[in-house]
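Here our numbering is used: the first residue of the sequence shown is 102, the next is one more, and so on. In this text, a Cβ means the ideal position worked out from N, Cα and C, and glycines have one as well.
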Amino acid sequence: MDLVSDPLFRHLAWANTYVFDRIAEQPEAHLQLTAPNDTWTVAEILEHFTASFYAHLLDGKENTPTEVPTTRAEVLALRDLSLTFDQRLRESAKNQVGFIEYTRRDGTVVRGNRETILTQSIHHATEHRAQIAGIFSNHGFKVIDLDAIDLWRFANHEGLGD
Numbered sequence: 102m103d104l105v106s107d108p109l110f111r112h113l114a115w116a117n118t119y120v121f122d123r124i125a126e127q128p129e130a131h132l133q134l135t136a137p138n139d140t141w142t143v144a145e146i147l148e149h150f151t152a153s154f155y156a157h158l159l160d161g162k163e164n165t166p167t168e169v170p171t172t173r174a175e176v177l178a179l180r181d182l183s184l185t186f187d188q189r190l191r192e193s194a195k196n197q198v199g200f201i202e203y204t205r206r207d208g209t210v211v212r213g214n215r216e217t218i219l220t221q222s223i224h225h226a227t228e229h230r231a232q233i234a235g236i237f238s239n240h241g242f243k244v245i246d247l248d249a250i251d252l253w254r255f256a257n258h259e260g261l262g263d
């Protein structure tokens, strides 16, 4: 694995864990918060970006079903499952070359470059962590500090910074 990909996938797992842990500290009612003019709840977004689809595409292993969490315990269980998917992605990043074909539910055949799928898996989680942070902020809660999970903090966490 190259020197850029591996830290990015380690960061993915670390940042996702931070988000799950912060959400698990909140009242369970906060799982139902949404952004203005949107119907997706914090819980639905957590489940969505946790889902194993990208890992499944890349490693061919089971596309493990996930459930939308309704309790703190379920948030923590989803966190633990997410870590297994993040590890599968990290392993898959050792083979970045090639294409994958799959069929969507509507019958459309999609051909994707492994590099694109790997990159999208990181972007996808980043996008939804920010979405969740925005939902909490919109409701007046400072739950997710995105600066606390940037790559600088991660480097410091791993002993690679100052």
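| Check | Outcome |
| --- | --- |
| Under 8 Å between C-beta atoms of R189 and K162 | yes |
| Same chain, Cβ closer than 7 Å to A174, neighbours up to 5 away in sequence not counted | none |
| DSSP bridge partner residues for Y203 (one or two, in chain order) | V211 |
| 6 Å CB neighbourhood of V169 in its chain, flanking five on each side removed | A144, E145, E148 |
| Helix, strand or coil at T118 [DSSP, three-state] | helix |
| Cβ-Cβ distance between V210 and E216 below 8 Å | no |
| Residues that DSSP places opposite T66 in a beta bridge | Any property of residue 66 remains undetermined from this structure, which presents the chain solely from 102 to 263. |
| With 16 other Cβ atoms within 10 Å as the buried cut-off, status of A231 | exposed |
| Buried or exposed (CB count within 10 angstroms, at least 16 for buried), L271 | No answer is possible for residue 271: the residues shown for the chain start at 102 and end at 263. |
| The stretch 217-231 in contact with the stretch 106-121 per 3-pair CB rule at 8 Å | yes |
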